[in-house]
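Participant: Residue numbers (the working numbering): 73 to 274.
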Amino acid sequence: MKATKLFLFLLSIGLLFNSCKKDDAQPVQIANVLTGGDFETSPYSTWRTDVNKNNTTRPTSYTVDYSTEAASSPTHSIKVSCNAAPSDSTYQLFQQVFYTSSTPIPTGAKLTLKAKIKTVNMQGEGISMAMGGNKGVNDNYASAFFTESRGKVSITGTNDFKEYTITFDSFPANTYSFYVLFFFLPKTTGTAYYDDVSLSVN
């Protein structure tokens, strides 16, 4: 009788241990961290637009529109245009920012950023899609990681909507904030449409 009880006790411990191992092994997966990446809701309040390093005497101007002219799905996209780019340093960005306190990402997780982009008469360096992160105040908000499509794939010329993808293989520990963004690079003219943007975690 004692042997039977001991056997059942050891069996239950073994089953519990195996159950815990299975739970621990389950990776965290998030299909899409971003909000409003399909751009079907106006205004696109979760996204920010900005122009950096503009020249005061020969400024470069950009227009950013919530557009129905072209879309990957179903009807809307973000249209960014530049007719003349006299400044060598000015660029436009379109981004979404997150804080790990409210949007936690597991250390070591793989990030995959995807977007569908249409280009019309784009000349110059074109568009670069990117993602990155920063450390906290104790590290003076230093960069934790950064990767972009520039130098790896050309997003320029005239092309219908194509899906572009970049990845980052291991989300760093002690990341305070992270972001995705699209650069309308310096000395670039033409029009770009952004649609169906997603950031997955696995």
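Backbone N, C-alpha and C fix where the C-beta goes; we use that ideal spot for every residue, glycine too.
Note that the coordinates shown come from a computational prediction; the quantities given were computed from them, not determined experimentally.
Provide the residue span of the beta strand (DSSP E) that contains Gly268, from first to last.
Facilitator: For the purposes of this step, residue 268 is identified with residue 196 of the sequence shown, where counting begins at 1. Contrary to the premise, residue 268 reads as Asp rather than Gly in this sequence. Where Asp268 is concerned, the enclosing beta strand (DSSP E) stretches over 261 to 273.
Participant: For the segment 246 to 255 against the segment 154 to 162, do three or more pairs of beta-carbon atoms, one drawn from each stretch, fall closer than 8 angstroms, so that the two count as touching?
Facilitator: no
Participant: Do you know how far the Cα of Ala216 is from the Cα of Gly229?
Facilitator: As a position in the sequence shown, residue 229 is number 157, starting the count at 1. As a position in the sequence shown, residue 216 is number 144, starting the count at 1. Taking the straight line from one Cα to the other gives about 33 angstroms.
Participant: Let's see if you can read the secondary structure: which residues bound the beta strand (DSSP E) around Gly205?
Facilitator: For the purposes of this step, residue 205 is identified with residue 133 of the sequence shown, where counting begins at 1. Element bounds for Gly205: 199 to 206.
Participant: The beta strand (DSSP E) with Lys125 in it runs from where to where?
Facilitator: Here residue 125 refers to the residue found at position 53 of the sequence shown. From DSSP, Lys125 is part of no beta strand (DSSP E); its letter is neither H nor E.
Participant: How is Asp241 classed by DSSP in three states: helix, strand or coil?
Facilitator: Residue numbering aside, residue 241 sits at position 169 when the sequence shown is read from its first letter. Coil at Asp241, not helix or strand.
Participant: Considering just the uninterrupted stretch of the beta strand (DSSP E) at Glu220, what are its terminal residues?
Facilitator: Along the sequence shown, read from residue 1 onward, the residue named residue 220 stands at position 148. Where Glu220 is concerned, the enclosing beta strand (DSSP E) stretches over 215 to 220.
Participant: Please give me, in chain order, every unbroken run of the alpha helix (DSSP H) with length at least 4 that falls completely inside the segment 157 to 195.
Facilitator: Within the segment 157 to 195, no complete alpha helix (DSSP H) run reaches 4 residues.
Participant: Just to confirm, are Pro158 and Arg130 a CB contact at a threshold of 7 angstroms?
Facilitator: If you number the sequence shown from 1, residue 158 lands on position 86. If you number the sequence shown from 1, residue 130 lands on position 58. Closer than 7 angstroms, so yes.
Participant: Can you tell me whether Asp211 is helix, strand or coil according to DSSP?
Facilitator: Translated into the one-based positions of the sequence shown, residue 211 becomes position 139. Helix at Asp211.
Participant: Going by C-alpha distance, which of Ala181, Lys125, Asn212, Gly109 is nearest Leu257?
Facilitator: Within the sequence shown, the letter at position 185 stands for residue 257. Among Ala181, Lys125, Asn212, Gly109, the Cα nearest to that of Leu257 belongs to Lys125.
Participant: Under 7 angstroms, do Gly262 and Val152 count as touching if we go by C-beta distance?
Facilitator: Indexing the sequence shown from 1 puts residue 262 at position 190. Indexing the sequence shown from 1 puts residue 152 at position 80. Annotated as distal: Gly262 and Val152, with beta-carbon spacing of 7 angstroms or more.
Participant: If we count the other Cβ atoms within 10 Å of its Cβ and call it buried at 16 or more, is Lys93 buried or exposed?
Facilitator: In the sequence shown, counting from the first residue as 1, residue 93 sits at position 21. Below a pLDDT of 50, predicted positions are generally treated as unreliable, and Lys93, at 46, falls in that range; the measurement from the model is reported next regardless. Label assigned to Lys93: exposed.
Participant: Please state whether DSSP places Asn104 in a helix, a strand or coil.
Facilitator: Residue 104 sits at position 32 when you count from the first residue of the sequence shown. In the structure shown, Asn104 sits in coil (DSSP, three-state: anything other than H, G, I, E or B).
Participant: Tell me the DSSP secondary structure of Gly109 in three-state form.
Facilitator: Locating residue 109 in the sequence shown gives position 37, counting from the first residue. Looking at Gly109 - three-state DSSP - the assignment turns out to be coil, as it is neither helix nor strand.
Participant: In angstroms with no decimal places, state the Cα-to-Cα distance between Asp95 and Phe243.
Facilitator: Translated into the one-based positions of the sequence shown, residue 95 becomes position 23. Translated into the one-based positions of the sequence shown, residue 243 becomes position 171. Summary for Asp95: the model assigns pLDDT 47, below 50, so the residue's position carries little reliability; its value from the coordinates is reported in the next sentence. Taking the straight line from one Cα to the other gives about 21 angstroms.
Participant: Measuring alpha carbon to alpha carbon, tell me which residue in Thr247, Ser226, Gln168 is nearest Thr237.
Facilitator: Here residue 237 is taken as the residue at index 165 of the sequence shown, counted from 1. It is Ser226.
Participant: Just curious, the beta strand (DSSP E) that Leu257 is in, first and last residue?
Facilitator: Position 185 of the sequence shown, counted from the first residue, corresponds to residue 257. First-last for Leu257: undefined, no H or E at that position.
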